[in-house]
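Okay, structure first, notes after.
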Amino acid sequence: MAQENQENKSGKLSRRDILAGLAALPLVGIVGYGLLRNKAEAEKLNSSLLSDIKPEIQSGIPPLIEGKTLRIGIIGSGGRGGYLMKAMGFVNPERIDEYTEKGKTDKYWAQYLEDFKAQDNLNIKITAICDVFDKNAEKGVAAGANAYRNGKGGKMDDTPKRFTTYTELIASPDVDAVVIATPDHWHVPVALEAARKGKHVYCEKPLSWSVAETYEIRKVVKESGIVFQLGHQGRQTESYNVAKSLIKQDVIGKISLIEVCTNRNDPNGAWVYDIDPEANEKTIDWKQFIGQAPWHDFSLERFFRWRCWWDYSTGLSGDLFTHEYDALNQILDLGIPNSAMASGGIYFFKDGRTVPDVLNMAMEYSDRDLTLLYSATLASEKNRGKVIMGHDAYLELSDTLIVSVDPQSTRYKEKLEQGLVEPFKPIFSYVPGQGAVDAVTSPTEKYFAGRGLLYTYRDGKAVDTTHLHLREWINCIRAGNGTQPSCNIDQAFEEAMTAHMGTISYKEGRRTYWDKEKEVIV
Amino acid sequence: MGYTKLQSFALVILRITIGWHFLYEGGVKILNPHWTAKSYLLDSGGFLKGFFEMIAGNQTLLSISDTANAWGLALIGLSLLLGIFTRYSSIAGIVLLLLYYLSHPAFPGIEYLFPSDGSYFIINKTLVELFALLVVFAFPTSHIFGLQRMIKSNKIFLA
Chain A
60 MAQENQENKS GKLSRRDILA GLAALPLVGI VGYGLLRNKA EAEKLNSSLL
110 SDIKPEIQSG IPPLIEGKTL RIGIIGSGGR GGYLMKAMGF VNPERIDEYT
160 EKGKTDKYWA QYLEDFKAQD NLNIKITAIC DVFDKNAEKG VAAGANAYRN
210 GKGGKMDDTP KRFTTYTELI ASPDVDAVVI ATPDHWHVPV ALEAARKGKH
260 VYCEKPLSWS VAETYEIRKV VKESGIVFQL GHQGRQTESY NVAKSLIKQD
310 VIGKISLIEV CTNRNDPNGA WVYDIDPEAN EKTIDWKQFI GQAPWHDFSL
360 ERFFRWRCWW DYSTGLSGDL FTHEYDALNQ ILDLGIPNSA MASGGIYFFK
410 DGRTVPDVLN MAMEYSDRDL TLLYSATLAS EKNRGKVIMG HDAYLELSDT
460 LIVSVDPQST RYKEKLEQGL VEPFKPIFSY VPGQGAVDAV TSPTEKYFAG
510 RGLLYTYRDG KAVDTTHLHL REWINCIRAG NGTQPSCNID QAFEEAMTAH
560 MGTISYKEGR RTYWDKEKEV IV
Chain B
38 MGYTKLQSFA LVILRITIGW HFLYEGGVKI LNPHWTAKSY LLDSGGFLKG
88 FFEMIAGNQT LLSISDTANA WGLALIGLSL LLGIFTRYSS IAGIVLLLLY
138 YLSHPAFPGI EYLFPSDGSY FIINKTLVEL FALLVVFAFP TSHIFGLQRM
188 IKSNKIFLA
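Chains A and B supply the protein sequences, listed in that same order. Numbering of the first sequence is given in the working numbering, commencing with residue 60 and proceeding in unit increments. Numbering of the second sequence is given in the working numbering, commencing with residue 38 and proceeding in unit increments.
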């Protein structure tokens, strides 16, 4: 040490100084070598995986087509109807106050309100409301007048007219198009009436309650030339569109099995909804509610929890399987299966319901050489995901998309042997909002992709798929050139018939078949 | 300021290994055009969770923080490794590590999506590295082993 100090004082650069000064340089070289090696590996992986595959990613939100203000009537302004109105920009002022209040302490609600206020104005007016329950109708009227998205006491637009029957609403000259959010057994009768009167229809899923009416609505919608959209907002989910493009490019190979499921485990998810204390025979038009369903004496339970009875509902197959089915029909153009086999039972919610709370269905697409398996329970939340299984890879879908390689793959055999891809590990991941599909390379990315990180949808860029779905319908109406939206009447027909095949199989305890020529379930 | 040979050796090794770690971490991020701390920030916990999530949610802030982070790591690493300006770089390194720690503090009851590579209670490896950098700051060695030695010992070199 003493010697060093002496050297320093001398002001000359000794050999020792130079050695000790530059000794770390080779270390920088080693780290640099490590970095370049890492980069080369990553590039090799990326180029070998992504070279021949071009995933299609939609960018942005389709622009609104300009035109005159569209006048919309809402038939069914209860829970779902209220949500559809929100997706169009109309919320009850009391609810706005509620969001504002909650937003003061909870960031989620502050963001929720901000997102709602930022949602595009669709240039529509809610001119008419119809609901058989007075309170729902009044809520709908209040929401419909709130064109400026204000709280109570804020500026309101014209108050929509309340109609007591859907036929009067449809006949109104102030209505150009209707949104149907009634129980299942009312979907077709209302849609038929609207189509016959030339009013455009956005109808909640499933399309129909019975097989017979399914043919009729398809025929009438086609003849009328109205714009028809079935309410499967999953059509707007980005990852489904990316999946479609990947499958088209044969990324996962020949598909033999698709597994989808429903897993819920709470009374709300099992359709045991609250009964409104203000509801009674005076405030509910029970006769109109029953409609084409078999007669039953007034029952608040049946009114609020109608999904639990076949009399008004289509059960798990029509209500929840159709979400999964429509996603797959969008991705794979599945169409109606050749056969369906269903089983299940009422195993948990023994509350007098007639629809099962556990349902398993195997649908065979023999011309496509594949099986679609659906498995549902309303009494366990263990999520089993949505998996499309191909010979070369499997694709797991939620809001995110993950493709992982099968160790026995033919297509990726060489890459597996060269260690460029690892079996069972993700090779592609797509997280909405990221705007790019990555060949997953770093352990961190693999980990997050594997966990299906959904955050990108929450960080302020989330767009409500229901808004996009309604927007597509409204754009088609404004285009006025015969263009139909993505979930048009043909897609709806396939959805309804597929669901009915499962339901009939469950109810009759037999395998049902689809006669393609005659278009009948046998 | 006299160290024994063993002390000098230990301190220099500490400085160099931390520098190596920083340089490599920074370099990997700079060389990967798709790298972003977004998911890491979104996975934050502790009392500054909201702050880090806000950065992740704002594209401008995120890209500033990504660039600053990657280049910060690399430059701090280079400085520690080469033994120059290490007083400044060790402080900057401490600040960076403190931010990492605050975004993912090892407090009981907080769970992260990203698994930890060990079991920690309040003290984790980030914090240990942070305090190791404090040692590097308190016991400088660049004048013994590093570019600093050449600068100090030769005025001409400096000019």
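The beta carbon of each residue, even a glycine, is placed where N, CA and C say it ideally should be.
{"Asked": "Per DSSP, the bridge partner or partners of Leu-418 of chain A", "Found": "A:Gly-403 and A:Ala-435"}
{"Asked": "Cβ-Cβ distance between Leu-118 of chain B and Ile-53 of chain B below 9 Å", "Found": "yes"}
{"Asked": "Three-state class that DSSP yields for Val-172 of chain B in the structure shown", "Found": "helix"}
{"Asked": "Stretch-stretch touch, CB-based, cutoff 8 Å, three pairs: the segment 271-280 of chain A with the segment 300-307 of chain A", "Found": "no"}
{"Asked": "Helix, strand or coil at Ile-349 of chain A [DSSP, three-state]", "Found": "helix"}
{"Asked": "Validate contact between the segment 371-386 of chain A and the segment 543-560 of chain A using beta carbons, cut 8 Å, 3 pairs", "Found": "yes"}
{"Asked": "Buried or exposed by the 16-neighbour rule on C-beta atoms within 10 Å, applied to Lys-341 of chain A", "Found": "exposed"}
{"Asked": "Proximity test, Cβ basis, 9 Å: Val-301 of chain A and chain B", "Found": "no"}
{"Asked": "Host beta strand (DSSP E) of Trp-573 of chain A (start-end)", "Found": "571-574"}
{"Asked": "Test: Lys-505 of chain A CB closer than 9 Å to a CB of chain B", "Found": "Summary for Lys-505 of chain A: the model assigns pLDDT 47, below 50, so the residue's position carries little reliability; its value from the coordinates is reported in the next sentence. Output row for Lys-505 of chain A: interface = no."}
{"Asked": "Inter-residue spacing [alpha-carbon to alpha-carbon] between Asp-370 of chain A and Ala-352 of chain A", "Found": "5 Å"}
{"Asked": "Given 8 Å, three or more beta-carbon pairs between the segment 446-465 of chain A and the segment 304-314 of chain A", "Found": "yes"}
{"Asked": "is_contact[Gly-120 of chain B, chain A] using C-beta, thresh 9 Å", "Found": "yes"}
{"Asked": "Closest residue to Asp-385 of chain A among A:Gln-288, A:Ala-250, A:Arg-96 and A:Lys-409 (Cα-Cα distance)", "Found": "A:Gln-288"}
{"Asked": "N-terminal and C-terminal residue of the alpha helix (DSSP H) that Asn-388 of chain A is part of", "Found": "381-391"}
{"Asked": "Paired residues, beta bridge with Cys-262 of chain A - DSSP", "Found": "A:Ile-239 and A:Leu-289"}
{"Asked": "Opposing strand residues paired with Arg-430 of chain A [DSSP bridges]", "Found": "What sits at residue 430 of chain A in the sequence shown is Thr, not Arg. Thr-430 of chain A pairs with A:Leu-316 and A:Glu-423."}
{"Asked": "Limits of the unbroken beta strand (DSSP E) element including Pro-485 of chain A", "Found": "485-489"}
{"Asked": "Minimum Cβ-Cβ distance from Leu-170 of chain B to chain A less than 9 Å", "Found": "no"}
{"Asked": "Any C-beta of chain B under 9 Å from that of Lys-575 of chain A", "Found": "no"}
{"Asked": "The beta strand (DSSP E) enclosing Thr-186 of chain A, as first and last residue numbers", "Found": "183-189"}
{"Asked": "Nearest candidate by alpha-carbon position, reference Gln-543 of chain A, set A:Ala-230, A:Pro-85, A:Tyr-261 and A:Thr-218", "Found": "A:Tyr-261"}
{"Asked": "Below-9 Å beta-carbon distance, Arg-186 of chain B vs any chain A residue", "Found": "yes"}
{"Asked": "Exposed unless 16 or more other CB atoms sit within 10 angstroms - verdict on Pro-219 of chain A", "Found": "buried"}
{"Asked": "Ala-83 of chain A in three-state terms, based on DSSP", "Found": "coil"}
{"Asked": "Minimum Cβ-Cβ distance from Asn-388 of chain A to chain B less than 9 Å", "Found": "no"}
{"Asked": "Residues that Gly-93 of chain A contacts on chain B, provided the C-beta gap is smaller than 7 Å", "Found": "Tyr-61"}
{"Asked": "Where Tyr-516 of chain A sits in the DSSP three-state scheme", "Found": "Note that Tyr-516 of chain A has pLDDT 38, beneath the 50 cutoff, so the model's placement of it is unreliable and the number below is only indicative. DSSP places Tyr-516 of chain A in helix when its eight states are reduced to three."}
{"Asked": "Selected residue, minimal CA-CA separation from Ile-229 of chain A, among A:Ile-188, A:Trp-330 and A:Lys-264", "Found": "A:Ile-188"}
{"Asked": "For Gly-199 of chain A, the residue or residues it bridges with in DSSP", "Found": "Beta-bridge pairing links Gly-199 of chain A to no other residue."}
{"Asked": "Sheet register partners of Phe-158 of chain B (DSSP bridge)", "Found": "B:Ile-160"}
{"Asked": "Exposure label - Leu-95 of chain A; buried when at least 16 CB within 10 Å", "Found": "exposed"}
{"Asked": "CB contact flag (Ala-421 of chain A, Leu-429 of chain A, <9 Å)", "Found": "no"}
{"Asked": "Listed by chain order, chain B residues near Ala-82 of chain A by CB distance under 7 Å", "Found": "Phe-182"}
{"Asked": "Alpha-carbon to alpha-carbon, Arg-364 of chain A and Gly-328 of chain A", "Found": "11 Å"}
{"Asked": "Through-space distance from Phe-552 of chain A to Arg-221 of chain A, alpha-carbon basis", "Found": "31 Å"}
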